[in-house]
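Colleague: Sequential numbering from 28 applies to the sequence shown in my numbering.
Let me give you the structure first, and then I'll get to my questions.
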Amino acid sequence: MTFIIIIVLIVVLVVLAIVVNAYQQYKAKIDAERRAEVAKQRTIIDETENVLMATSQMPISQGLIKILLNRIQRALQVTHELNPSSPDIKQHLEDISARIKSIEIEPDNANQFALPETDKMIIQYIQAVKKLRVMLRSERSKGKVDGSTYLEQDKILERLQLKVNVETLIRRGGGAQQTNMLGSARQYYEKAIAALEAQTQPDEFVQSRLEWLNQQLKDIQENLKNVNAQDRAKRREEERDELDELFAPKKKW
28 MTFIIIIVLI
38 VVLVVLAIVV
48 NAYQQYKAKI
58 DAERRAEVAK
68 QRTIIDETEN
78 VLMATSQMPI
88 SQGLIKILLN
98 RIQRALQVTH
108 ELNPSSPDIK
118 QHLEDISARI
128 KSIEIEPDNA
138 NQFALPETDK
148 MIIQYIQAVK
158 KLRVMLRSER
168 SKGKVDGSTY
178 LEQDKILERL
188 QLKVNVETLI
198 RRGGGAQQTN
208 MLGSARQYYE
218 KAIAALEAQT
228 QPDEFVQSRL
238 EWLNQQLKDI
248 QENLKNVNAQ
258 DRAKRREEER
268 DELDELFAPK
278 KKW
């Protein structure tokens with residue numbers, strides 16, 4: 028009888044050990060998945076807030092800003108559900124929710140387009156616009172943005188990206204003109220024209236810039252003609268001086 032009890036106890040202990048081990052593995056798996064999800068949402072929050080910060084000087088709509096804030100809000104809600112005891116997450120969520128409500132009564136961003144001063148800032152600007160388009164596309168794929176809103180906002184960002192590209196080329200072309208590097212200036216302007224002419228639905232910006240750029244190319248072409256004419260005249264004068272010197276009477280010493 029004692030032997031049977033010992034066997035039963037051993038079996039119970041083995042089963043209990045298996046159950047405890049299985050539970051620990053399950054708990055470890057759940058904790059790992061929770062940490063991975065929190066890290067994923069943290070990345071979404073950080074990336075979106077960085078892009079949102081970069082939009083402060085961009086001529087974009089409040090509607091797009093609200094899309095970004097909603098993206099942050101959803102990520103914070105998931106994080107809060109996974110970590111409800113964190114006061115920082117709760118406060119962050121409340122702050123974002125308040126910003127979303129305030130957008131409904133604030134006017135659209137009145138910022139006019141202004142090209143950043145340095146090449147580094149221009150690169151950061153373009154990267155921010157590209158990330159905005161990626162995030163907007165992601166929100167559309169999740170069903171968080173309807174089709175018409177997506178097309179409207181993406182078109183605005185596409186035009187903004189075009190403006191940065193064209194205005195950067197124009198600035199570089201202008202700098203080349205000022206230093207009489209007319210060939211380089213012409214190349215910059217031709218690249219800008221190619222980018223503008225690739226637009227299937229030209230707006231006022233495209234048309235006005237095309238007109239201005241084509242006039243600049245005409246001016247450069249005229250200047251190059253004048254420079255070439257001056258060079259030819261100078262060469263003829265030098266050749267004439269050489270002939271005069273060759274056939275001049277020899278001096279007697």
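Positions of the beta carbon are idealized from the N, C-alpha and C atoms, including for glycine.
Quick check: the region 32 to 48 against the region 86 to 94, are there 3 or more CB pairs under 8 Å?
Modeller: The region 32 to 48, when compared against the region 86 to 94, does not touch it at the 8 Å Cβ threshold.
Colleague: Let's see if you can read the secondary structure: which residues bound the alpha helix (DSSP H) around serine 129?
Modeller: Against the sequence shown, residue 129 aligns to sequence position 102. Going by DSSP, serine 129 is part of the alpha helix (DSSP H) stretching over 114 to 130.
Colleague: Give a yes or no on contact between the region 58 to 65 and the region 97 to 110, applying the rule of three or more CB pairs nearer than 8 Å.
Modeller: yes
Colleague: Alpha carbon to alpha carbon, how far is glutamine 214 from isoleucine 153? Give it in angstroms, no decimals.
Modeller: Taking the first residue of the sequence shown as 1, we reach residue 153 at position 126. Taking the first residue of the sequence shown as 1, we reach residue 214 at position 187. Cα to Cα, the separation comes out at about 22 Å.
Colleague: How is the alpha helix (DSSP H) around valine 191 delimited, first residue to last?
Modeller: Along the sequence shown, read from residue 1 onward, the residue named residue 191 stands at position 164. Where valine 191 is concerned, the enclosing alpha helix (DSSP H) stretches over 174 to 205.
Colleague: Thinking C-alpha only, which one of Ser83, Ile72, Ser129, Ala125 is nearest arginine 101?
Modeller: Position 74 of the sequence shown holds residue 101. Out of Ser83, Ile72, Ser129, Ala125, Ile72 has the C-alpha closest to the C-alpha of arginine 101.
Colleague: Here's a check: name, in chain order, each residue in its chain whose Cβ is nearer than 6 Å to the Cβ of serine 211, leaving out the five neighbours to either side.
Modeller: Here the question's residue 211 lines up with position 184 in the sequence shown. Here the set comprises Ala203.
Colleague: Check whether the region 190 to 203 touches the region 142 to 152, counting contact only when three or more Cβ pairs, one atom from each stretch, lie closer than 8 Å.
Modeller: yes
Colleague: DSSP state of threonine 82, grouped into three classes?
Modeller: Residue mapping note: residue 82 aligns to position 55 of the sequence shown, counting from 1. Threonine 82 falls in the helix class under three-state DSSP.
Colleague: Determine, using beta-carbon pairs with one atom in the region 164 to 184 and one in the region 76 to 84, whether at least three such pairs fall under 8 Å.
Modeller: No: fewer than three Cβ pairs fall under 8 Å.
Colleague: CB-CB under 8 Å to glutamate 224, same chain, minus the five flanking residues each way: which ones, in chain order?
Modeller: On the sequence shown, residue 224 is found 197 positions in, with the first residue counted as 1. The answer, listed in chain order, is Leu237.
Colleague: Considering isoleucine 149, what are the terminal residues of the alpha helix (DSSP H) in which it resides?
Modeller: Position 122 of the sequence shown, counted from the start, is the residue given in the question as residue 149. Element bounds for isoleucine 149: 146 to 168.
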